[in-house]
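Here's the structure, in structure tokens; my notes come after.
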Amino acid sequence: MAGSNAAIAVDVKEITVITPSEATPSHVLPLSTLDSQLFLRFTIEYLFLYRSPNNNNHSRHHTSARLKDALSRALVPYYPLAGRVRPRPHSHSHSHSHSPSSSKSSASPKAPYSSKPPAAPSPTSSSTAPSLPLSLPQPPLPPSPRRRPLLPPPLILQLTWLPDGGAALALAFNHCIIDGIGTSLFLNSFADLASGRSRLSDLLPLPVWDRHLPSLNSSSTTTPTPLTSSRPHPEFLKLPDPTGFAKRFSQEALVPTSVVFDAEKIAGMKKMAVSGGSKGGGYTGFEVVSGWVWRSWAGALGMEVGTVRMVFSVNVRGRVVGPGGRGQGYYGNAFVLGCAAGRGREVVGWGGGAAEAVRRAKEAAREEAYVREVVEAVGAGACPDTVGVLVVSQWSRLGLDRVDFGMGRPLQVAPLSTDRYCLILPVYGQRDAVRVVVALPSSAVPKYDYLVRNPTR
Numbered sequence: 001m002a003g004s005n006a007a008i009a010v011d012v013k014e015i016t017v018i019t020p021s022e023a024t025p026s027h028v029l030p031l032s033t034l035d036s037q038l039f040l041r042f043t044i045e046y047l048f049l050y051r052s053p054n055n056n057n058h059s060r061h062h063t064s065a066r067l068k069d070a071l072s073r074a075l076v077p078y079y080p081l082a083g084r085v086r087p088r089p090h091s092h093s094h095s096h097s098h099s100p101s102s103s104k105s106s107a108s109p110k111a112p113y114s115s116k117p118p119a120a121p122s123p124t125s126s127s128t129a130p131s132l133p134l135s136l137p138q139p140p141l142p143p144s145p146r147r148r149p150l151l152p153p154p155l156i157l158q159l160t161w162l163p164d165g166g167a168a169l170a171l172a173f174n175h176c177i178i179d180g181i182g183t184s185l186f187l188n189s190f191a192d193l194a195s196g197r198s199r200l201s202d203l204l205p206l207p208v209w210d211r212h213l214p215s216l217n218s219s220s221t222t223t224p225t226p227l228t229s230s231r232p233h234p235e236f237l238k239l240p241d242p243t244g245f246a247k248r249f250s251q252e253a254l255v256p257t258s259v260v261f262d263a264e265k266i267a268g269m270k271k272m273a274v275s276g277g278s279k280g281g282g283y284t285g286f287e288v289v290s291g292w293v294w295r296s297w298a299g300a301l302g303m304e305v306g307t308v309r310m311v312f313s314v315n316v317r318g319r320v321v322g323p324g325g326r327g328q329g330y331y332g333n334a335f336v337l338g339c340a341a342g343r344g345r346e347v348v349g350w351g352g353g354a355a356e357a358v359r360r361a362k363e364a365a366r367e368e369a370y371v372r373e374v375v376e377a378v379g380a381g382a383c384p385d386t387v388g389v390l391v392v393s394q395w396s397r398l399g400l401d402r403v404d405f406g407m408g409r410p411l412q413v414a415p416l417s418t419d420r421y422c423l424i425l426p427v428y429g430q431r432d433a434v435r436v437v438v439a440l441p442s443s444a445v446p447k448y449d450y451l452v453r454n455p456t457r
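Quick note, the sequence shown lines up with residues 1 to 457 if you use UniProt numbering.
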């Protein structure tokens, strides 16, 4: 279950700047309040592993050329991904600038492709998950006394050929520009172009920018004010740390863990949640899996004392952008955080209570008033607390397992590294199964392994 930290050397021969294949607008685009929130100042990093049908230099060169050509074409409708993000003075928001005059050079099959020369390195995890040996190169930008501070590039891509003939495709997206659903929209369009399944004119849904919509932005850009609402927003509360959570995660080595829940096990967990005395019934797979992992995580960390929280993203595109094509094509950040909270003893005790707490949090986060309150709060500088909090992101329903660049569907979809954030991933060949990866302090791993694999009432 725990992974190795062994590193594998990657021969990076050249960096290529990929620009849109057609002329695109050159202008400054303001980001929304949801885009600019402090919680999203990081990159979404994916690793796709493919089985290469042919292991020869000609096949590799052809695949590399197809990917570069397809990326160049995909960047035409998604041209903001070829720009840069700069802080906007005297504001919590950031602006996105684009220049279509980037240079382009050739690359070997091992070279990474970048929409723009990468900025300074971003923080990386202290531990690496099994079979995830790659890290994206981060060469510095040329010095310029007039250059304003830049956030990470909107997109960096690296293709690496593995010794057994397989291919590893690593990508990093600036979360300020795009959310998880947006990355899936882009990647599937990119893959359809690379494989020849679609032409540029056939791509659907059409990408939508629309960061100006009032529903995505706070009503005030003046002095930040505290969140005032009769509705609880426990995700923003700064709570005591009676169990030494922060100290443990900062001082102990983090060890990656991975466990698969197949369809049979998930069905059993649903029955157990209903029979455990929870109100209501008919839980979703996400509710029971995330609730069970939350319970096991809290128990392994000895968090029976105090309040335990779990936050997760809730898609609100239909509410903030609108139904139909515009909402389906919107690739900016259009989610709020649901927050399940409970007393440590109650969460660790299970009985279906954790799944019920997740369901209630998910339902609350979809209400219009809740979404509006979150937009106003993050616009005023509010940031979710992370002490005693399990952060969960569900990748299994994004469609990442369908991203086929002409090499077949990926054998594995995973993060570049596994840290304290919990990810729910698809499992190759098992449509209704999920893999859950999360890193814990080394001393907590044995107990977590036992709890997460042994459901009890």
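Positions of the beta carbon are idealized from the N, C-alpha and C atoms, including for glycine.
I'd like to check one pair, L203 with P77: are the Cβ atoms closer than 8 Å? Position 77 of the sequence shown, counted from the start, is the residue given in the question as residue 77. Position 203 of the sequence shown, counted from the start, is the residue given in the question as residue 203. Cβ distance < 8 Å, so P77 and L203 count as in contact.
So which of V452, V336 and I44 has the shortest CA-CA distance to I178? In the sequence shown, counting from the first residue as 1, residue 178 sits at position 178. Of the listed residues, the one whose Cα sits closest to I178 is I44.
What residue from L425, L171 and A361 has the CA that sits closest to P232's CA? Taking the first residue of the sequence shown as 1, we reach residue 232 at position 232. Selected option, being the one with the closest Cα: A361.
In this structure, does DSSP put R84 in helix, strand or coil? Your numbering for residue 84 matches position 84 in the sequence shown. Strand, per DSSP.
Run the CB neighbour count on A120, radius 10 Å, all protein chains shown included, and call it buried at 16 or more, exposed below. Within the sequence shown, residue 120 is the residue found at index 120, counting from 1. Caution is warranted here: a pLDDT of 29 is assigned to A120, below 50, making its placement in the model unreliable, and no coordinate value can be reported.
When DSSP labels each residue in this structure, what does T63 get in the three-state scheme? For this step, residue 63 is matched to residue 63 along the sequence shown. DSSP places T63 in helix when its eight states are reduced to three.
C-alpha gap between P149 and R435, whole angstroms: The residue given as residue 149 occupies position 149 in the sequence shown. The residue given as residue 435 occupies position 435 in the sequence shown. Caution applies to P149, whose pLDDT of 48 falls short of 50 and renders its modelled position unreliable; the value that the coordinates give is listed next. If you take the alpha carbons of P149 and R435, they lie about 38 Å apart.
What are the start and end residues of the alpha helix (DSSP H) that includes L185? Working through the sequence shown from its first residue, we reach residue 185 at position 185. Its alpha helix (DSSP H) spans residues G180 to S195.
Give me, in chain order, the residues of the same chain whose beta-carbon lies closer than 6 Å to that of G291; leave out the 5 immediate sequence neighbours on both sides. Taking the first residue of the sequence shown as position 1, residue 291 is located at position 291. Taken in chain order, the residues that qualify are A354, A355 and V358.
So, under 8 Å CB-CB, M272 and G352 are touching, yes? Tell me the CB distance rounded to an integer number of Å. Here residue 272 corresponds to residue number 272 of the sequence shown, with the count starting at 1. Here residue 352 corresponds to residue number 352 of the sequence shown, with the count starting at 1. Going by Cβ atoms, the distance from M272 to G352 rounds to 7 Å, so yes, they are a contact pair.
Got a sec, what are the start and stop residues for the beta strand (DSSP E) residue 503 sits in? Residue 503 lies beyond the residue range present for the chain, which begins at 1 and ends at 457; the question has no answer from this structure.
In angstroms, rounded to a whole number, what distance separates the CA positions of P139 and I156? Numbered from 1 along the sequence shown, position 139 holds the residue referred to as residue 139. Numbered from 1 along the sequence shown, position 156 holds the residue referred to as residue 156. Note that P139 has pLDDT 36, beneath the 50 cutoff, so the model's placement of it is unreliable and no number is given.
Would you mind reading off the limits of the alpha helix (DSSP H) that contains L239? Along the sequence shown, read from residue 1 onward, the residue named residue 239 stands at position 239. Element bounds for L239: n/a, residue is neither H nor E.
According to DSSP, is A382 part of a helix, a strand, or is it coil? Your numbering for residue 382 matches position 382 in the sequence shown. For A382, the three-state secondary structure derived from DSSP is coil.
Three-state secondary structure (DSSP) of N57: Locating residue 57 in the sequence shown gives position 57, counting from the first residue. Looking at N57 - three-state DSSP - the assignment turns out to be helix.
Going by the DSSP bridge assignment, what does residue 458 pair with across the sheet? Outside the displayed span of the chain (1 to 457) sits residue 458, for which this structure offers no information.
Simplified DSSP assignment, three categories, for Q328: Indexing the sequence shown from 1 puts residue 328 at position 328. Assigned with DSSP and collapsed to three states, Q328 falls in helix.
Is P163 near T418, with beta carbons less than 8 Å apart? Counted from its first residue, the sequence shown places residue 163 at position 163. Counted from its first residue, the sequence shown places residue 418 at position 418. No. Outside cutoff.
8 Å Cβ cutoff met for R295 and P234: Within the sequence shown, residue 295 is the residue found at index 295, counting from 1. Within the sequence shown, residue 234 is the residue found at index 234, counting from 1. Here R295 is not near P234, since their CB atoms are 8 Å or more apart.
Apply the 10 Å Cβ neighbour rule to Q251 and answer buried if 16 or more other Cβ atoms are within range, or exposed otherwise. By 1-based counting over the sequence shown, the position of residue 251 is 251. Counting Cβ neighbours within 10 Å, Q251 comes out exposed, since fewer than 16 surround it.
For L398 versus A414, is the C-beta distance shorter than 8 Å? Residue numbering aside, residue 398 sits at position 398 when the sequence shown is read from its first letter. Residue numbering aside, residue 414 sits at position 414 when the sequence shown is read from its first letter. Using a Cβ distance threshold of 8 Å, L398 and A414 do not count as a contacting pair.
Can E376 and S219 be called in contact, C-beta distance under 8 Å? Taking the first residue of the sequence shown as 1, we reach residue 376 at position 376. Taking the first residue of the sequence shown as 1, we reach residue 219 at position 219. In this structure, S219 lies closer than 8 Å to E376 by Cβ.
In angstroms with no decimal places, state the Cα-to-Cα distance between Y428 and V260. Here residue 428 refers to the residue found at position 428 when the sequence shown is read from its first residue. Here residue 260 refers to the residue found at position 260 when the sequence shown is read from its first residue. One C-alpha to the other measures close to 11 Å.
Using the C-alpha atoms, what's the distance from R86 back to A298? On the sequence shown, residue 298 is found 298 positions in, with the first residue counted as 1. On the sequence shown, residue 86 is found 86 positions in, with the first residue counted as 1. Roughly 38 Å separates the two Cα atoms.
Are the beta-carbon atoms belonging to G165 and S52 less than 8 Å from one another? If you number the sequence shown from 1, residue 165 lands on position 165. If you number the sequence shown from 1, residue 52 lands on position 52. The answer is yes: Cβ separation under 8 Å.
Distance CB(G332)-CB(G388) smaller than 8 Å: Taking the first residue of the sequence shown as position 1, residue 332 is located at position 332. Taking the first residue of the sequence shown as position 1, residue 388 is located at position 388. In this structure, G388 does not lie closer than 8 Å to G332 by Cβ.
Would you identify the three-state DSSP class for I44, choosing helix, strand or coil? Mapped onto the sequence shown, residue 44 falls at position 44. Three-state DSSP puts I44 in a strand.
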